[in-house]
Amino acid sequence: MTDEYRKKLIKLVKEKAEEARVAVRGVRDDCWKEIQALEREKKIREDEKFKGKDDLQKLIDETHKKIEELSQKKEEEIQTV
């Protein structure tokens, strides 16, 4: 595998990782809107809304960490091939 081809593959991995992070942020925003709507409709209390926001952010952070780990692993694989 040529060095130029490796660089293209690594660039592609980084682009896909960024697309995944953007998609996750979109899901987070949709979930947060749903949580806010539930609170406005009095289906959940304000403290539950903020607990939901914290739990949601923890999941997002874990997902971003996993995306980063996978992209780093793939970049290393490309470098060693």
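Anchor point for the sequence shown: position 77 equals 77 in the UniProt record's numbering, and the numbering is continuous, going up by one each time.
The beta-carbon is built from N, C-alpha and C at its ideal position, and this holds for glycine as well.
Remember, it's a predicted structure, so these values are computed and weren't measured experimentally.
Assigned secondary structure, residue i (DSSP; H/G/I helix, E/B strand, else coil)
{"i": "V24", "result": "helix"}
{"i": "T2", "result": "coil"}
Closest by C-alpha distance to residue i, when choosing among the options
{"i": "I60", "options": "Y5, E15, A20 and L9", "result": "A20"}
{"i": "H64", "options": "F50, E41 and E18", "result": "E18"}
{"i": "E15", "options": "F50, T80, I67 and Q79", "result": "I67"}
Any non-hydrogen atom of the ligand COA within 7 Å of residue i CB
{"i": "D54", "result": "Only the bare structure without any ligand can be found here, which leaves the ligand COA out of the picture."}
Beta strand (DSSP E) runs wholly inside the segment 12-63, at least 3 long, in chain order: none
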